[in-house]
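**Student:** Questions regarding the structure given below will be posed in turn.
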Amino acid sequence: MTGATQVLLSWPVRRWLVALAATAGFVLVVAVPTDLIDTPAFGREIPPTWWAWPSLLVSSTLGGLLVATYVQAPPQSDRASSRRGGWLGGLLTYFAVGCPVCNKLVLLALGSAGAITWFEPFQPVLQALAVLILLWALRSRLLGELSCPTTVSGELTRA
């Protein structure tokens with residue numbers, strides 16, 4: 153069993169509940185504006201790819217676990233680089249699952265033809281990068297808890 157898995161298995165129920173809530177939050181924050189969840193407020197010109205939902209669920213799960221590492225986490229394991237990695241992974245997921253011609257930044261930079269010709273085929277690469285960055289950030293946070301354990305001084309507190 154790896155060190156990161158050991159830490160995950162030792163999590164209290166409170167952390168798992170935070171991970172579940174954050175995962176659901178990530179799904180909604182990305183799926184609604186990218187129109188993976190159909191709402192009257194947002195629309196898509198190009199239908200979602202077959203891999204949009206699975207990749208969103210993987211990224212959201214990793215993001216939820218990453219958020220949960222901040223619940224009662226030892227201060228010594230709070231690395232700024234892992235925070236940036238989580239943010240970057242979420243942003244890359246947003247661009248990866250979104251409609252290539254609905255994204256104003258992509259349209260401004262590449263135009264509609266460039267969005268379809270260059271950006272759309274690159275979206276799976278963005279998603280792969282997002283997952284790798286989120287995995288790295290989560291692993292960094294989890295291993296930081298192993299290498300820098302802290303004890304609660306004074307009375308026992310309940311989570």
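In the working numbering, the protein residues as written are 153 to 311.
From the three backbone atoms N, C-alpha and C, an ideal C-beta is built for every residue, glycine too.
Report yes if the C-beta distance between residue 242 and residue 179 is below 9 Å; otherwise report no.
**Tutor:** In this structure, residue 179 does not lie closer than 9 Å to residue 242 by Cβ.
**Student:** By the 10 Å Cβ neighbour count, where 16 or more other Cβ atoms means buried, how is residue 155 classified, buried or exposed?
**Tutor:** Residue 155 should be labelled exposed.
**Student:** What is the DSSP secondary structure of residue 221, counted as helix, strand or coil?
**Tutor:** Three-state result, residue 221: coil.
**Student:** Is the beta carbon of residue 285 sitting closer than 9 Å to the one on residue 250?
**Tutor:** No, these two residues do not count as a Cβ contact at 9 Å.
**Student:** Report yes if the CB atom of residue 208 is closer than 9 Å to the CB atom of residue 244, and no otherwise.
**Tutor:** No; because the gap between Cβ atoms is not below 9 Å, this pair is not in contact.
**Student:** When the Cα of residue 215 is compared with those of 267, 171, 298, which residue comes out closest?
**Tutor:** Per the Cα distances, 171.
**Student:** Where does residue 199 land, buried or exposed, given buried means 16+ other C-beta within 10 angstroms?
**Tutor:** Exposed: under 16 other Cβ atoms inside 10 Å.
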